[in-house]
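Everything on this sheet refers to the single structure shown next.
Protein chains: 6
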Amino acid sequence: MDLRSPAISQIINLWISEDIGRGDLTKVIFDNQTVSAYWVTKNDGVFCGGLIIKKLFKTIDPLVHIELLKNDGDEIKKGEKLLNLQGPNSSLVTGERTSLNLAMHLSGISTATSLLVKKLKGSGILLCDTRKTSPGLRVFEKYAIRCGGGVNHRLGLDDAAMIKENHIAWTEGIGPSIKKIRMSSPWTSRIIVEAETASQAIEAAEKGADGILLDEMDLNEIKSLVPKLREIANKSDQRITRNLVIEISGIDPKNVEDYKFSGVDLISTSAPITKSSWIDMSMRFDKKESY
Amino acid sequence: MDLRSPAISQIINLWISEDIGRGDLTKVIFDNQTVSAYWVTKNDGVFCGGLIIKKLFKTIDPLVHIELLKNDGDEIKKGEKLLNLQGPNSSLVTGERTSLNLAMHLSGISTATSLLVKKLKGSGILLCDTRKTSPGLRVFEKYAIRCGGGVNHRLGLDDAAMIKENHIAWTEGIGPSIKKIRMSSPWTSRIIVEAETASQAIEAAEKGADGILLDEMDLNEIKSLVPKLREIANKSDQRITRNLVIEISGIDPKNVEDYKFSGVDLISTSAPITKSSWIDMSMRFDKKESY
Amino acid sequence: MDLRSPAISQIINLWISEDIGRGDLTKVIFDNQTVSAYWVTKNDGVFCGGLIIKKLFKTIDPLVHIELLKNDGDEIKKGEKLLNLQGPNSSLVTGERTSLNLAMHLSGISTATSLLVKKLKGSGILLCDTRKTSPGLRVFEKYAIRCGGGVNHRLGLDDAAMIKENHIAWTEGIGPSIKKIRMSSPWTSRIIVEAETASQAIEAAEKGADGILLDEMDLNEIKSLVPKLREIANKSDQRITRNLVIEISGIDPKNVEDYKFSGVDLISTSAPITKSSWIDMSMRFDKKESY
Amino acid sequence: MDLRSPAISQIINLWISEDIGRGDLTKVIFDNQTVSAYWVTKNDGVFCGGLIIKKLFKTIDPLVHIELLKNDGDEIKKGEKLLNLQGPNSSLVTGERTSLNLAMHLSGISTATSLLVKKLKGSGILLCDTRKTSPGLRVFEKYAIRCGGGVNHRLGLDDAAMIKENHIAWTEGIGPSIKKIRMSSPWTSRIIVEAETASQAIEAAEKGADGILLDEMDLNEIKSLVPKLREIANKSDQRITRNLVIEISGIDPKNVEDYKFSGVDLISTSAPITKSSWIDMSMRFDKKESY
Amino acid sequence: MDLRSPAISQIINLWISEDIGRGDLTKVIFDNQTVSAYWVTKNDGVFCGGLIIKKLFKTIDPLVHIELLKNDGDEIKKGEKLLNLQGPNSSLVTGERTSLNLAMHLSGISTATSLLVKKLKGSGILLCDTRKTSPGLRVFEKYAIRCGGGVNHRLGLDDAAMIKENHIAWTEGIGPSIKKIRMSSPWTSRIIVEAETASQAIEAAEKGADGILLDEMDLNEIKSLVPKLREIANKSDQRITRNLVIEISGIDPKNVEDYKFSGVDLISTSAPITKSSWIDMSMRFDKKESY
Amino acid sequence: MDLRSPAISQIINLWISEDIGRGDLTKVIFDNQTVSAYWVTKNDGVFCGGLIIKKLFKTIDPLVHIELLKNDGDEIKKGEKLLNLQGPNSSLVTGERTSLNLAMHLSGISTATSLLVKKLKGSGILLCDTRKTSPGLRVFEKYAIRCGGGVNHRLGLDDAAMIKENHIAWTEGIGPSIKKIRMSSPWTSRIIVEAETASQAIEAAEKGADGILLDEMDLNEIKSLVPKLREIANKSDQRITRNLVIEISGIDPKNVEDYKFSGVDLISTSAPITKSSWIDMSMRFDKKESY
């Protein structure tokens, strides 16, 4: 989520357009005097969205100034102030809903991530996201995962190659697919195989996958498979691919602690995005304005 | 959600770009042969997204054909097939994630809406959404609300005017604001006042609001206030505004049934969007392809 | 016309591109020294466009400063100065034509509107526009209507629903159409029926239309129909729709005064847009520059 | 107006978005059955817009078919059919207003142009437009001028260079400006000088202008000046610029015939765009549909 | 190349997006402190790109300041400093590659142009480019041609008409084509005929072409043809077209001096774009920062 | 270069707009009859661009059909036919220049790449590109590199992280930078260090870089350094980073063979893009059309 990226500006403009449409009908009642307001959270959680909110308001009106009281990734407690805003009254009101929607949604994701990350503390296993993200919001939701202490998996189909169930069914299989993709991708791209069986995982390791995702596999099977896969990878004579990352998925987030000693590198889950609730926040006007 | 709208095409292209990036690295392993697949749901719920998914896949590749087995708004049961797909293998794989993400998210909203709508059955009260929607997805999420049996509130700041707490704090107040907005808006636009107290509600009714939103108000207060507001509105000599819609918000969705006999027209809640989980679905290749 | 809307910026950029193309060929002769100039009107009328012009010039060059001597909606007399400009000479010249084109066109519309509005003075009837607007210029032309004292009808097909002659011919008719649209539209959307006969108008009122447009109807028929329609609406038990707005159209603007006592709420006409001439203005350099 | 240009598609999409907004609220009442309709003109005039209308409807819905009964540039008489349409009822209704608005506006321009062109018949003088065009509609309005028998002046600031009053005031003057522009422009670009006095015109001819625009000049002065300018140009030793086009502007269109024997090449006027009314047309459903 | 043009901003954003993608992964290591750096050239040549680079960096980060030490078109020597930069370290690094790529490419073109221009010195013949330009970079590459001392041919298919071999093969031929194009183009547009034989060239002159391009013609044939063509043009009674520009192409750039006395006006060649190498430059951090 | 990507369509439209501008002035002379033509190469080389050209022409006119006689990556000999085209004459002419420009440029790159790749044959060393690409053309130029037998380095700043000279100068140095980037990047992203000295390279290997780029280093130094770096990497206990790719750059392409036994994995060079000439091709009409 690089706020200097023109693509981000384009998306922010799209969000503003979505809400303003042909024009905020209430704009006529405002005199554009400078007022001050603040945001407060109504739930505990992990804050995310402050930097984007600043850019969003600046896009609506460069005269709006925001002082962040919490950084992205900070823990927040019910009732705490999150940020102060100052600017023309009409602009604060026009940007209120879109900015709150974003921060409430992202903070919900950061919060849910943080809970899972804590459960894995000390295990050396990283909590990782997936490509199950709300269309149009991926870079933001993945940023929220990081703010919650998680790590990101690939950002898109171009960011690493993953050979999954349907890929295997419709092509020549794991070995030839790894070879073809290796030839045509940037050398920096990793190739991952999603394995549903031990034999698929072993084939992937033998053929030089950079990562193996063990999907919906039994814990005991995982435990016995991981050292075998690492051994195969270590012996590999394929320089680029000898290094192996092992990842599991398809786990009920409630049971994540059961996997602390599974020996894998990563647990990937979409739960912080697909099963979380928004953190409730609101924008309140400052009753005693003193300037 | 008018799929003929150029804005929808632009958003669909943005979603595709988000996932494809500089190109699906696995494309090289496919021979582009026509294959068939289907979608299956792993949860019960209310389906939403079929029509958009068709357009999404047509945008990626006009050779992909989709037969919808469920219509938007249909109830679906765990294990049921939702749709069949046929097309070049590489295109099915490239569109898989984005299309599932959308349908899983929207079906989660439809499902949550449907549960609340059922609780209000027979009361004559409509369940209504709010502007708390994921940035960039409003028309789609509001469509999911309708598929779940809810009705939509205004789609943006231009679709109706709502005078809220901050508006009141920063302007000349309810009466003058209604008057100014009425003069400068299309005559077709309704004006709503969000009232936090009975006296604000009464002022709004007297000054000719088209709608009054009673926010976080006690049930008994609502019950005594509603007939008063209707009486004031009936006496109004302001032709355009005599008709009054009364709406409540700020209710815990769990207690929605308590408000069945409150006499209001609408209960508005963001819960189906901010507190729902995705319906889990997956795309599976057809094992017995026969064409 | 909300100048903070990204859509407005996009359109302004499109206008500038239209004229600049691959680059103003005369730019090379300028030294970019700051000069001053002013606009003068060559006709009487009602001014419109000042705020947009400011944004247009700022988009071309942030160093251009404009002081508006007339506000949008002000009466202007032949020979009066409208605004002062100061900025790099090349930028004033590059923005000259596009900005004048816009202001001359919009002021022509405001002026024509104002003449009609004056004729209805004291009648309580509002002069309203239609969707007959120049493609790409609707929000601007509708703003010019307001600057001339008129009110706006719906801004697009989504802003209110109107059931017209072709709608009736190709669907199940007025009653079922109102019902279906009511169910699927935001509750804030009004539904209007364009009636060409008294019986259509009566059906519309009985079925709960929010507005009825009597198109090309005889004045006497209008006079006898209006009280009937109001009576039907008052008796209605459809809470949301009991309130009825009656509108007439298809009137020769020359005869608008004949309808002052017709009892309707609105007279809608496209004439200020489709039959008006531009107000002539020009940009002149300041002969005695003193800074 | 090259309909293959991506810029045209972008503008057509913008027009459609302008009217559809978040979706045509009446779409739900249609069954998408194929219906037929036609357009009829309510005024005499010169038709313009058929080809664009076809593309506009195809953009909304590829199933709409249009048979043009009149070509762009054809004379049309009140009551004549202009085109037949066939397609899904909802799509005809959704595209109706935008397409009619465009054709009515452009046909108004073609009609007004045609009247002036007829007055110059036999004189050898061409009627030419200016850059006074509605923002965003220039290529279309200039096309309408051609359909009415006029010729186009430059399409933008990059299409030819014109040195006007403000240019002269703010630079080193006519001679040096011609020289600098000649050096930095494509060799194919012509350079025109707008002269308000005879001496400016003579200087322009001497310095090698490709065209001279005599603005608001007295007819007698024009008559005496033209042969002098042609003589100067003929003697020029500047190969690229010896050829001179002489143009007049600032003429009241009513008096255009007075200038038939002025000896100039072109009369340029904005009147067909700034002072014309729309040609009234409507779309009617076919009462006897037989398919 | 008018940097005020919105189209230029759009292209610059596209360039930035191309490199930043979903975000510069190294951004996290920077503290955004202000640093200074400079550009140095590793080859001799003619500089081009300074003004665009300034706009490019301002687009990435308004806090970056650039002091140009060389103007576009200046000669540069290996080891010379070209510009100084000051700004947040992360922004300098993020814009480095794209800006260098552009300047190195354009300076390569300016340098190659300059070498050819010098060979024609004193001949009165101008060196001209063609439409053989890298897709998406035409206005920039044509600007580089001018910085190297060349002149531009038409910028696109709309900027002048050229009747080439395929045009002649697929239409009614030179004469009728000139006539039709003259009628439908802005009067300011020149019409050029690409002639492969003397008889085509003569026909073009007789029919009133504004320019004739003699393609891959023998030097002796050119020498004998040029005076004939000029004579025909001088006698022409077609006022707009009597003036003739003669251009040759298809020449090996090595032999350009052979054509110094050919009597033509222009030699057009794509070599500075299609056969040139980039000038090598690099951005270096200032070792002694002193602020 | 995934032709299904909406970003590619956007760029193709930008290329078409660049050349068509406000419309091909010669369009009026064509009758749109179907004609046939072919492309022929005037130089030997490696072809690139066929698939993009097909999409480009389909975008201009869906009626144009192209039969590729050479695949991207095929060797081509002077005089060989490359492809056949059939379609409306005006569309072939309008798309001619842009399509040729692209294929000539890309084939120049493929050809230059192929020559270098041949020199490394048998060495096991891959020839790799850099981020020195023409702005706006990166995915196409990198595709051309692959067609010539090279491999791609990262596609942008987000596709892998490279810590270069300026990064090191302006941050805490190699070790801390690797650590910070590892934490904030997708786990799939590789981290590369550009080392200018042996000690930097050794530090990079020790701190767990995935790749090391030895820039402008002496051959003997490279040879002694490579085994040391590999040994360090093998001992690493950092699972994700143990695998090391060693790359050299800054080599004069003429001497590439000297490095065949350097022991590195990759030689990266910008020469095929920055120092290559276009392959000359032309589109010719079919003299004997037989359909």
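Residue numbers (the numbering used here), protein chains in the order written: chain A, -15 to 275; chain B, -15 to 275; chain C, -15 to 275; chain D, -15 to 275; chain E, -15 to 275; chain F, -15 to 275. Quick reminder that beta carbons are idealized off the backbone N, C-alpha and C, glycines included.
Between the CA atoms of residue j and residue i - distance to the nearest angstrom
i           : j         : result
Ile224(F)   : Gly108(A) : Unreliable placement is indicated for Ile224(F), whose pLDDT of 45 sits below 50; the coordinate value is still reported in the next sentence. Their backbone Cα atoms lie some 13 Å apart in a straight line.
Thr155(D)   : Ser118(E) : 35 Å
Trp(-1)(C)  : Leu67(C)  : 21 Å
Thr253(A)   : Val240(A) : 10 Å
Ala182(C)   : Lys271(D) : 21 Å
Ile235(B)   : Gly71(E)  : 51 Å
Ser(-11)(F) : Arg122(A) : 17 Å
Leu141(D)   : Val177(D) : 14 Å
Leu50(A)    : Lys65(A)  : This sequence places Ile at residue 50(A); Leu is not what is there. One C-alpha to the other measures close to 13 Å.
Gln17(B)    : Ile152(A) : 14 Å
Gly63(E)    : Thr95(F)  : 31 Å
Whole-number beta carbon distance between residue j and residue i, since they are thought to touch under 8 Å
i         : j         : result
Gly209(A) : Val229(A) : In the sequence under discussion, the amino acid at residue 209(A) is Leu, which differs from the Gly named in the question. About 14 Å; that fails the 8 Å criterion.
Asp8(B)   : Thr78(B)  : 5 Å
Ile93(E)  : Gly132(E) : 7 Å
Asp264(B) : Lys38(B)  : Going by Cβ atoms, the distance from Asp264(B) to Lys38(B) rounds to 21 Å, so no, they are not a contact pair.
Cβ pair residue i, residue j closer than 9 Å
i         : j         : result
Asp58(B)  : Phe41(B)  : no
Gly247(B) : Lys219(B) : no
Asp194(F) : Arg174(F) : yes
Lys116(D) : Trp23(C)  : no
Ile255(C) : Leu100(C) : Before going further, note that residue 255(C) is Ala rather than Ile in the sequence given. For Ala255(C) and Leu100(C), yes; Cβs fall inside 9 Å.
Ile4(F)   : Lys164(E) : no
Ser167(C) : Val135(B) : The identity of residue 167(C) in the sequence shown is Met, whereas the question assumes Ser. Result yes, Cβ atoms of Met167(C) and Val135(B) sit closer than 9 Å.
Ala128(D) : His137(D) : no
Leu90(E)  : Phe124(E) : yes
Met267(E) : Leu69(E)  : yes
Selection from the options that minimises the alpha carbon distance to residue i
i           : options                                   : result
Leu35(F)    : Lys54(F), Gly63(F), Ile13(F)              : Lys54(F)
Lys276(E)   : Ser254(E), Ile232(E), Ala255(E)           : Summary: the structure shown does not reach residue 276(E), with chain E confined to residues -15 through 275, and so no result is reported for it.
Ile(-4)(C)  : Asp45(C), Ile216(C), Met267(C)            : Asp45(C)
Asp(-14)(E) : Thr10(C), Lys39(C), Arg268(C), Ser(-7)(C) : Thr10(C)
Pro160(E)   : Pro170(E), Glu180(E), Glu190(E)           : Glu190(E)
Glu180(F)   : Glu200(F), Asp56(F), Pro170(F), Ile162(F) : Glu200(F)
_Which complete alpha helix (DSSP H) runs does the segment 226 to 261 of chain A hold, if anything under 4 residues is left out?_
Runs of the alpha helix (DSSP H) lying entirely within the segment 226 to 261 of chain A and spanning at least 4 residues, in chain order: 255 to 258.
*Would you mind listing the alpha helix (DSSP H) stretches within the segment -2 to 60 of chain D that are 4+ residues and don't spill past its ends, in chain order?*
Here the runs fully enclosed are 34 to 44.
*Quick one: complete alpha helix (DSSP H) runs, 4+ long, within the segment 129 to 201 of chain A?*
You should have 149 to 154, 158 to 168, 182 to 190.
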